[in-house]
Amino acid sequence: WVAERKRLTETKYLKKASAGFHTILHTTLRIDDGTFINNCNVMKFSALIVLSTLSASRGMVAPTADAAAKSCSTTSAAGGTGAHVPVGKDGEGEYTASTKGCFDVIDTATPLVLDQIRKQPLRPFGVGSPAYHIADYGTADAGTSLGLMSKMVQAVRDRHDEEEETNSEKKEVVIHYEDQLTNEWRSVFNHALGIKSVSDAYGRPVPDPYALTNVYVEACGVGFHNQCYPSGSIDFGVSFTAMHWLSRFPSSMRGSEDVHAARRDEPPSPERERAASDWRAILRARAAELAPGGRFVCVNFCKDSEGRFLGQTDVGASMWDSFRTSWDGLARDGLIDEEERLGVSFPNYYRTRDEFLEGIEGDEEISRRLKVVSIEERVVRCPYRELYNSGGSDRSPREYAEWFVPTTKTWSHSTFKDGLRSDRSEEEKEGIMAQFWENYVSLVAENPEVHGMDYVHAYIVFEKIE
């Protein structure tokens with residue numbers, strides 16, 4: 002049945018594509034009264050339909066994981082596809098399991114989000130969809146934002162109770178999960194549907210919104226640099242630690258020891274200009290998608306007014322210095338050559354406060370449709386280091402290193418790997434990468450108290466005004 006449904010769906014949308022239609026399928030799954038369809042088939046079918054249909058509508062071939070890894074060596078990507086290749090097996094949710102700091106970042110933003118839900122005008126019944134539509138852009142495996150989604154659903158229903166005087170449980174809510182085509186979509190559904198449980202940095206269970214009933218889940222693999230949803234269809238958009246990834250790869254850091262534009266007082270023009278262009282594209286797309294009065298809360302990596310950025314703050318050792326030391330160790334041991342030692346360039350950019358504001362104030366089209374409600378910079382300390390130094394963990398130095406280092410690996414592994422020569426086999430590359438991470442673990446174990454990854458973000462609230 003799954004195979005036949007897939008064949009019919011592909012045929013249908015291929016015909017539409019050939020007729021000139023731009024078609025994107027959003028696969029909706031629902032669980033009522035605790036009834037589960039065959040979980041394995043649901044996950045396989047959902048991922049296949051989302052990816053194969055998008056490919057058919059754009060004349061592309063849905064890439065395999067291997068193809069995604071290879072795409073990192075190119076200089077551009079549609080919608081950012083290939084800029085970040087997920088670590089781990091799809092379905093296991095390794096990103097959420099290893100990225101505990103993101104829970105604290107989202108917890109910090111939660112009051113902002115809920116306050117805006119209380120303030121925004123809600124579309125009356127019969128205007129557009131009667132459901133309330135939430136979009137989570139750059140969701141990764143959807144685990145870190147799961148608790149916030151539950152709180153947003155409840156906040157919407159609390160308002161519905163106050164204003165409509167009806168049973169709030171009947172208020173339908175749609176959660177649209179967006180990320181690149183090669184995302185961990187099986188992990189997304191495992192988390193969003195409550196099939197795989199999630200706990201935060203402190204071991205506390207995170208509720209999933211399906212327990213609230215009348216919640217629907219959709220997935221979109223277009224990429225947030227583009228418009229992902231119909232105009233005027235989204236009531237509330239959120240994005241956490243995602244929109245620093247660039248749509249094209251300037252790779253200006255290659256040939257230097259800096260590896261990231263933020264390490265320089267004056268970032269290279271190609272990265273700065275690409276980041277500015279991408280930010281305007283992101284804002285135009287969100288301005289189109291939001292319903293009048295809709296909100297978009299963007300929590301994005303930044304370089305703050307004190308020059309601090311991810312992993313390099315006023316506390317502890319610089320993560321980037323540790324990366325450099327660990328990578329140079331490969332050259333010292335003869336595992337990589339000089340070209341590879343200087344071959345790493347991260348395809349992302351940490352904007353400043355002024356650069357965020359220039360994107361809206363310097364563009365008449367955007368400023369006519371969006372306004373900045375608030376913007377502030379915040380530092381969230383590394384939960385791994387904080388727990389270790391406070392005595393909240395009984396781990397040995399080596400155990401702490403093995404616990405902490407994966408949170409840096411989830412988002413950087415593919416970029417470092419891309420710095421290796423293309424004539425190396427996949428097995429050889431992964432062997433070198435294993436030694437790189439062992440170098441980092443050993444470095445952290447020498448002095449665990451100083452090693453961590455502080456988060457530095459801009460918390461920006463936008464309102465749709467037209």
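First residue of the sequence shown: 2, per the working numbering; consecutive thereafter. Just so it is clear, CB atoms sit at the ideal spot from N, CA and C, and this is done for glycine as well.
Requested in this report: State the beta-bridge partners of L291 as determined by DSSP.
Outcome: I235
Report task. State the DSSP-derived secondary structure class of N349, mapped to helix, strand or coil. Result -> strand
Query raised in the report: Exposed or buried, which one is P407 when buried takes at least 16 other CB atoms within 10 Å?
Result: buried
Requested in this report: Find the nearest neighbour of G102 within the set G453, E464, A459 and E467, judged by alpha-carbon distance.
Outcome: G453
Report task. Identify the continuous beta strand (DSSP E) that holds C221 and give its terminal residues. Result -> V216 to C221
**Report entry** Under the three-state DSSP convention, the category Q181 falls into
**Finding:** coil
Query raised in the report: Considering only the beta carbon of each residue, do R352 and F463 sit closer than 8 Å?
Result: no
Query raised in the report: Measuring CB to CB, does V381 end up less than 8 Å from D201?
Result: Cβ distance not < 8 Å, so V381 and D201 don't count as in contact.
Query raised in the report: How many angstroms separate the CA atom of A193 from the CA atom of E185?
Result: Approximately 12 Å, taken between the alpha carbons.
**Report entry** Classification of K120 by the beta-carbon crowding that lies within 10 angstroms, buried from 16 upward
**Finding:** exposed
Report task. With DSSP collapsed to three states, give me the class of F463. Result -> Strand, per DSSP.
Requested in this report: Specify the secondary structure class of R119 as computed by DSSP and reduced to three states.
Outcome: helix
**Report entry** P458 (DSSP reduced to helix, strand or coil)
**Finding:** Per the sequence shown, the amino acid found at residue 458 is His instead of Pro. Looking at H458 - three-state DSSP - the assignment turns out to be strand.
Query raised in the report: Going by the CB atoms, is the gap between I376 and R396 shorter than 8 Å?
Result: no
Query raised in the report: Can you give the Cα-Cα distance for A276 and S270, rounded to whole angstroms?
Result: 10 Å
Report task. Report yes or no: do three or more beta-carbon pairs, one from the region 108-122 and one from the region 293-306, lie closer than 8 Å? Result -> yes
Report task. Would you kindly report the start and end of the unbroken beta strand (DSSP E) that includes E378? Result -> L371 to V381
Query raised in the report: Should the region 132-146 be regarded as contacting the region 171-184, the criterion being three or more beta carbon pairs within less than 8 Å?
Result: yes
Query - Extent of the continuous beta strand (DSSP E) run through D137 - result: Y133 to Y138
**Report entry** the region 319-337 / the region 433-450 touching (three or more Cβ pairs under 8 Å)
**Finding:** yes
**Report entry** Within 8 Å, strictly: CB atoms of G432 and V345
**Finding:** It is not a contact, given that the beta carbons lie outside the stated cut-off.
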